[in-house]
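Every number in our numbering is 9 more than the matching position in the sequence shown, counting from 1. No residue lacks a Cβ here, since even glycine has one placed at the ideal position from N, Cα and C. Remember, it's a predicted structure, so these values are computed and weren't measured experimentally.
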Amino acid sequence: MKLTHLLLPSIFAPLIAFGGSRTCSKADAAVPDLYQQQIAPYMQKYCIECHNNTEAKGELDLTKFHAATDVINSFRRWNHVIEFIRQGEMPPEESLQPTIPESNGVVEAIRSILLEEARRNAGDPGVILPRRLSNTEFNHAVRDLTGIDIRPTRDFPADPAGGEGFDNTGEALRMSPSLLKKYLTASQLVADHMVLKPDGMFFAPFPVTSYNERKKLTEQAIIDFYTSHDIRIPDYLDAAWRYRHRSSGQSDMSPEQWAFANRLSPSYFKLIWSTLGETNEAHGLSGELHRLWNAVPPPTDATTRPTELLALSDFIETSRQLLSPAPRDLIRSNAGNWPISHLDFRATVAAARDQFDPSNLKTNVLLRSPRISARRPNDNQPASQTLILKLDRVFNTGETTIWVNDPVFSTADHLPRNDKERTDHKVRSLRQILEQYAPETAAQLQFGVSTTDASADTNPQSLAVQVPATIEIPLSLEMREQLNGLSLLLPCRIDPGTSPNGGALISLTLNDAPSTAWNPGSSLLINPNGDAAKQLASDAASFCNAFPNAFFYVDNDRGLAAGFHLVEGFFRDDRPLVQKVLTEAQNAELDQLWQELNFVTESSETLLRGFVWFERSEREVLHDQRFDFLRPEDPDLVDAAKLAKFEKLYLDRLGVKRKGDSRDAESPDHKSQMIHAFFDDIRAGLMRQHDLLQTAEQQGLSDLKDFTARAYRRPLSDQEWSELTDLYRDLRTEGQTVEASLRGVITAVLMSPQFSYRYLEAPDQPGTFPLTDHELADRLSLFLWSSIPDPELQAAAQAGQLHDEEQLIAQLQRMLQDERVNAFATEFFGQWLRYRDYLQKDPVNADAFSGYNDQLRQAIFAEPGRLVTHLIQTDAPVTSLLNCDATFVNQALARHYGGEIQQQFDSQLKQAGLRVSDDVDPWYMVTGLQSEGRGGLLGTAVILTKNSAGERTSPVKRGFWTVHHLLGQHFPPPPAEVPELPKSEKEATQTIRQLLAAHVADPQCALCHKHFDGLGLAMEGFDAVGRSRTKDSAGRIIDNLAELPNGENARGIPELARYIEQHRKQEFVRTLSRRFLGYALGRSVKLSDEPLLMEMELKLEENNDRVSVLFETVVRSPQFRMKRGRDE
């Protein structure tokens, strides 16, 4: 008769959590004889036939066991034996069957042997072998040391697993010569990220060993600062408008308070507010500003900006362009550009950004239209187009006539200067073109006729226009074909004689006429001697002060470069921002950023060396024997005496006569002043660099000491610090810079076993001893964060607080709420459940699934870590791992899952007002997974995908993963001759279910497959990449109804999870506890750990399965807090 199940208790069920009493005294008393008396005869009669040294089915040879000690030494194997006997799996049906009392007796005998051994050594911390940090631990430790996620082990070989299947054990993490070289390379890479700033060591997101890398780091920091403090004048106008109409409850708010509440600069908002409030003049610039400001109606809601406010904004922007200095070419590319002169030019431009430029009051201007295209219109374009010349009176100007002198169409941007250019530029007279193609327009324009004065220019090709006016020049398709590639050039001028107080705002556009005169891109013509111009000049000073042409300058291509040709140098152009916008603290921050840029790039020395090279090689100014002592690569070039000599000779070379041997010019002029300023700036910069380097070196060494203490996870001894400072001095003596020497010491620290290894100092005597506080901190942080202790944990260890159990638990609870606990979620669960290597060993053929890309794969991998972190931090029951009805998704994963999950994500994204981009990729919690056929870890795409096969699902893999990895059920390896199933469902003539049914028709196969195939078939509602489906890839209907090992049926993952929770929860909890303990201790679980495992299970049951129970029980245990001494 086949015994299907024996009703025996779990092996250690009677054992009390704290070591407790034994329940089988008779069996314990007979332990020395139990094996030979009860176990060996049973094995000989029922088991040896298949499990001997010749056949050893399931890799089990029972002939090797002779005594109770053999059972103890192979306790895992004998636990499996017990389970097979209890479940009635062995002996097989065709073999001689034992009676129930016989099987109960042998199970009780095995159990008694193991129980006695577990009780005798309960709490033994075991042997913890020294080991190197795992790749993950090294990466995370470097991240927490530097603040940068460098991941220096990305090219290391994968860590092997040991113990309970994790890569944090001394059994697995050895150091080989080749790996040692990789550690050196990785340590040097980390050190290369360090840059010395004036206030000490700083780690950059990328290596900063070259000039360009150092420049990129510090220059970009300033550019980012400028960008974050950029001034958008429409925002200030909107705030001022709303402040003007603030409610009575806000009447006491000052302009500064209003600006602060609206995240604007208080100082600049106050300036804007006073400028708008002071515009009481009835005429001119101020009058127009006042009129437009008063025309803006009160707000109707919190967001809408009325057209009147937009008109005010356009007026201000147009006036800025018309009155401020015009944009200049600040980056020079020609070799003849004299760096000293260019610096002076940059200073002049920078000083005038908030000043009125009188040269903008012009009497003539050349307008140029966009180039005319003969391209035929599409359905949305009109066949005919129009050039629009608009002229408006502004700034209280009087009667005005504008002369347009000989307007032409041309390929050039300027008027023809001779007959050759008229031919080369395909010049066509506007009058001739209009008379040929638009005679009515030509007649209306009255070419050659003066509207005011017969003595005025009556060139037959010219025309006079009385302001205001709008002239439309039609461009038919036929005209555009004749004028293809040409622009209309309109030379416009105002005649001071006929328009003594005249002025006009002129614009030339294609198709779209400006709605107002204040069109950015318009040109101002005005008689500079008229009253209107004088009033404008008076108003413009205060206007330009409030509305500079730029608050700072950053070149699109060259950033903060001074703009020299082939010479590195920077120029600071941000006076309006500094004086009008920033607070004192912000200015201090910006000053510090500029100081860092100059210090890190050694800007003064770099500029000096580049200047010497440029003047010698490009401008050839230094091609003189007197300058042979100057070489750009000369280390002594920065010497004060040499620099003074250089300046004197340079003045001589440029023809500046000096007073005797001094640097002073006999007749100071602009040239001599520019040269003196250049050399004085160089000298001052070199002195600053010298002084800053001295303080930076001392701070860098202090930072290095703190860095090393964190890396070693304990305070440094005096001898250790002395050895490190000796190494630093040796490197400096060899000629290394301060920064390079610090990098050398950093490399040594990261290579030191004090950082890269984990080991416990064992007392020189047998027994068990408490871990030191620093050892406890190290073990706790590696357990929870796979990293080094943070400053708070290290401080607690230094204060000796971690030996207080409640203090230790308080640190545990704090650390569990830290985002770094995601490392535990990823490392423990990823390794236990075999998905951590998904990104490296994805079994799926990506080409077979559209949209299955790297972005999605990254999201698939990240999901369980986010979910488990949430469960830990909310102290959810451990069963939530099976049945949780929520998860976290980003856009890629939400779209992959589809259905209600995608709808929830899209709704939350819309509510947040975000758009997904490379920089913005939010994750949101979604619920209702069970209604979507998912739930818990079983329904995550990473589990479903990792347990697929090529282009198809694999119920065998998915089911085996569930019962073996999740539930801990042991199976012998499959026979070598197992036939493979098709790689793709499209290649198969039957469904996967039908193929499996044929496969397990063999009783030998069914022996194992009956335990897991059904569980895998319940997951068939999801394809090989975890997408929900109702048909397989061949179009056949999916059936996810499965028969489970207990004879029940389950359809889909939610019912499968319910089956596990209701019928196999003990197996799940037991497996979780064993894996958890093995990971926490960094070693294999021993027989003496069984009482602790029972305590973990018991406390879970008593505390509603809360996950915190596992953490607290393990951390309180002697296995976690103690260590073995050295055995004699």
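- Setting aside the 5 residues that flank it on each side, P779 is surrounded in the same chain by H812, R1130 and M1131, each with a C-beta closer than 7 Å to its C-beta; the list follows chain order.
- Within the DSSP secondary-structure output, A478 pairs in a beta bridge with L400.
- In this structure, G457 places its C-beta atom within 8 Å of the C-beta atom of P469.
- In the three-state DSSP reduction, P500 falls in the strand class (E or B).
- Excluding the 5 residues flanking it on each side, A383 has same chain C-beta neighbours closer than 6 Å at R489, E490 and N493, in chain order.
- If the five residues before and after Q774 are omitted, its C-beta is found closer than 6 Å to the C-beta atoms of G1134, all from its own chain and listed in chain order.
- In the three-state reduction of the DSSP assignment, A958 falls in the strand class.
- Relative to the Cα of K651, the nearest Cα in the group R635, L663, V754 and G664 belongs to R635.
- Just measuring C-alpha positions, the residue of Y277, A213 and K654 sitting nearest D670 is K654.
- If you compare the alpha carbons of P798, S963 and A1007 with that of S993, the shortest gap goes to S963.
- In this structure L751 is in contact with L713, their Cβ atoms being roughly 6 Å apart against a cut-off of 8 Å.
- DSSP assignment within the stretch 755 to 806 yields the following whole alpha helix (DSSP H) runs of 4 residues or more, N-terminal first: 762 to 765 and 782 to 794.
- Here the C-alpha atom of E481 lies approximately 12 Å from the C-alpha atom of S393.
- Taking the Cβ atoms as the reference, S681 lies roughly 41 Å from T284, outside the contact range of under 8 Å.
- A131 sits in coil when the DSSP states are folded into three classes, being neither helix nor strand.
- Following the DSSP letters along the chain, one finds I535 inside the beta strand (DSSP E) bounded by residues S532 to I535.
- Take E614, set aside five residues on each side of it, and the residues of its chain with a beta-carbon closer than 6 Å to its own are V647, in chain order.
- One thing to note: V887 has its Cβ within 8 Å of the Cβ of L1109.
- Ranking S765, A451 and G753 by CA distance to the CA of M203 puts G753 first.
- The three-state reading of DSSP puts K1132 in strand, counting E and B together.
- Closest by C-alpha distance to V935, out of D928, L918 and T395, is L918.
- Counting only runs of 4 or more residues that sit fully inside the stretch 588 to 671, the alpha helix (DSSP H) segments are 593 to 609, 612 to 626 and 649 to 662, in chain order.
- Going by beta carbons, F556 and R329 fall inside the 8 Å limit.
- In terms of Cβ geometry, F833 and L848 do not form a close pair [threshold 8 Å].
- L606 has its alpha-carbon roughly 36 Å from the corresponding atom of G922.
- For D353, the closest alpha carbon among the candidates D79, G1091, T145 and F573 is that of F573.
- A distance below 6 Å between beta-carbons, with the five flanking residues on each side excluded, links L953 to the following residues of its chain, in chain order: F1031 and G1035.
- Taken through DSSP and simplified to helix, strand or coil, P139 comes out as coil.
- For K206, the enclosing beta strand (DSSP E) starts and ends at M203 to K206.
- The alpha-carbon separation between L658 and K666 amounts to approximately 11 Å.
- For T949, no alpha helix (DSSP H) encloses it, and the DSSP letter there is neither H nor E.
- Within the stretch 985 to 1051, the alpha helix (DSSP H) runs of at least 4 residues that lie entirely inside it are, in chain order, 1001 to 1008 and 1012 to 1026.
- Short of 6 Å from the beta carbon of T1000, and not among the five residues preceding or following it, lie these beta carbons of its own chain, in chain order: R1045.
- In the structure shown, G506 falls within a coil segment according to DSSP collapsed to helix, strand and coil.
- Annotation: L733 to E1099 spans about 46 Å, alpha carbon to alpha carbon.
- Look at the stretch 337 to 397 and you find these whole runs of beta strand (DSSP E), each 3 residues long or longer: 373 to 377.
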